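Novice: Before I ask anything, here is the structure I am working with.
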Amino acid sequence: MKRIYFLLRNHLLNGFYAYAIFGFYALTVSPIVTEFIDLESQSLFVAIFGFTMLFAEFFALNFKLKIIRIRAEERRIDHRNLTGEDIIPRPGKFVAFGLFVRMIARLGIIMISMTALGYPATEEEMSPQGVIVLLFGFFIDMCGLIYIYLKSGFYRDVIEDVTEFKKEEIEIQKWNKINLPLASSIRYYWYEVISDIILHVYAIMLYTALWKYLNEYSIDRLYTIVREGGSAFAAFVDLFPMLLALSLFILMPLRIAYWLEDSMMAFSSKEKRGIIAVFIIVSVFSFAPTIVEFLSVYKIKPQSGSHFFYSMNFNVILTCVYVISIFIVKILTSEGKNTEKRVVS
246 MKRIYFLLRN HLLNGFYAYA IFGFYALTVS PIVTEFIDLE SQSLFVAIFG
296 FTMLFAEFFA LNFKLKIIRI RAEERRIDHR NLTGEDIIPR PGKFVAFGLF
346 VRMIARLGII MISMTALGYP ATEEEMSPQG VIVLLFGFFI DMCGLIYIYL
396 KSGFYRDVIE DVTEFKKEEI EIQKWNKINL PLASSIRYYW YEVISDIILH
446 VYAIMLYTAL WKYLNEYSID RLYTIVREGG SAFAAFVDLF PMLLALSLFI
496 LMPLRIAYWL EDSMMAFSSK EKRGIIAVFI IVSVFSFAPT IVEFLSVYKI
546 KPQSGSHFFY SMNFNVILTC VYVISIFIVK ILTSEGKNTE KRVVS
């Protein structure tokens, strides 16, 4: 079972295939789920589930970042023993940004959960109870963000003083001596399994809410432009740059832990370009319903209506286009089996 989990983690939970699965979810499951969920109505299930996931995600993310640091330190030691070169693993430049966006997303879940309890916390209406809980949640999340930022140990300033560098190395060695042996323990194995489940359920929950908001808002905006007599070019310029930027802005931080791990697993520039390309494709297909409505309004006779595009045939065609696009990127950016991977910081 442990072998099966590691296989799933390496091929489905991280990197190329993980983003591909998110795109497939956007085209197949998410449209069905959003039809049955009204994020602005009362629902005890939505409220309890939302607050439970907020609580669970904090501990799952904190543990997952610890595991990622352990793997990074193991990689550093292996590389140093193999080449004699010491490289200090550091996260990507935008990880702090991703953690900040994560906090914004958590506040969004609080707003949805409070509204589901019957205390409005929306842009249109904000109840006193909603304001109090939202402010309290903001304070707690700020403290949690600072805790995770400092606790993870990834964020080290570049030290030029030799004495300070040696002191830091002593602290790192102490940390490694305590934590590296734990990575192979049964207890940590199950902790990581549970953490992965929580983080992916949390990401899918956020992604579903984002998918609904993005497309409902943009389709309403599209028909406003149509009523005002706007051209196809005007609608395109008004909608799609904003949609692409917003999806790129939010989609990756939904999987902040795996974003960090992916940056350490993509060794070559070719692999990095592949992940970026797939990520952009997933972002585009995340607002596929808006593209469909755009085509129905400007390219197809109005009397035919948009229902034709939402038929099963169209969904199958769209999914096929997506899968083909993913495979093309995979073929163009995959490394040969004999390619030697190098360790990067």
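All you need for the working numbering is the position in the sequence shown, starting with 1, plus 245. By construction, the Cβ of each residue, glycine as well, lies at the ideal position given by its N, Cα and C atoms. Predicted model only: the values in this text are computed from it and were never measured.
(1) The alpha helix (DSSP H) with residue 374 in it runs from where to where?
(2) Between the beta-carbon of residue 361 and the beta-carbon of residue 292, is there less than 8 Å?
(3) Is the separation between the beta-carbon of residue 383 and that of residue 352 shorter than 8 Å?
(4) Is it true that the CB of residue 269 sits closer than 8 Å to the CB of residue 567?
(5) Between the Cα of residue 224 and the Cα atoms of 495, 532 and 290, which residue gives the shortest distance?
(6) Any idea if residue 577 is buried or exposed, counting beta-carbon neighbours within 10 angstroms, 16 or more meaning buried?
(7) Output the distance between the C-alpha atoms of residue 408 and residue 490, rounded to the nearest integer angstrom.
(8) Could you give the residue range of the alpha helix (DSSP H) that holds residue 484?
(9) If the criterion is Cβ atoms closer than 8 Å, does the pair residue 346 and residue 495 meet it?
(10) Pull up the DSSP beta-bridge partners for residue 366, would you.
(11) Three-state secondary structure (DSSP) at residue 273?
(12) Count the other C-beta atoms from every protein chain shown that fall within 10 angstroms of the C-beta of residue 504, then say buried if there are 16 or more, exposed otherwise.
(13) Taking only three categories from DSSP, how would you classify residue 418?
(14) Count the other CB atoms within 10 Å of the CB of residue 535; is the residue buried (16 or more) or exposed (fewer)?
(15) Cβ of residue 355 less than 8 Å from any chain D Cβ?
(16) With a cut-off of 8 Å on the beta carbons, I'd call residue 522 and residue 446 a contact; round off their distance for me.
(17) Consult DSSP for residue 519 and reduce its assignment to one of helix, strand or coil.
(18) Note down the Cα distance separating residue 416 from residue 443, rounded to an integer number of angstroms.
(19) Among 426, 477 and 569, which residue has its Cα nearest to the Cα of residue 538?
(20) Please classify residue 572 as buried or exposed, where buried requires at least 16 other C-beta atoms within 10 Å of its C-beta.
Specialist: Looking at the coordinates:
(1) Note, residue 374: alpha helix (DSSP H), 373-396.
(2) yes
(3) yes
(4) yes
(5) The structure shown has nothing for residue 224, since the chain only spans 246 to 590.
(6) With fewer than 16 neighbouring CB atoms inside 10 Å of its own CB, residue 577 falls in the exposed class.
(7) Taking the straight line from one Cα to the other gives about 44 Å.
(8) Element bounds for residue 484: 477-496.
(9) yes
(10) 371
(11) It is coil, neither helix nor strand.
(12) Result: buried.
(13) helix
(14) buried
(15) Here chain D cannot be found, since the structure has a single protein chain.
(16) Not really, about 27 Å apart at Cβ, beyond 8 Å.
(17) helix
(18) Between residue 416 and residue 443, the C-alpha separation is close to 31 Å.
(19) 477
(20) exposed
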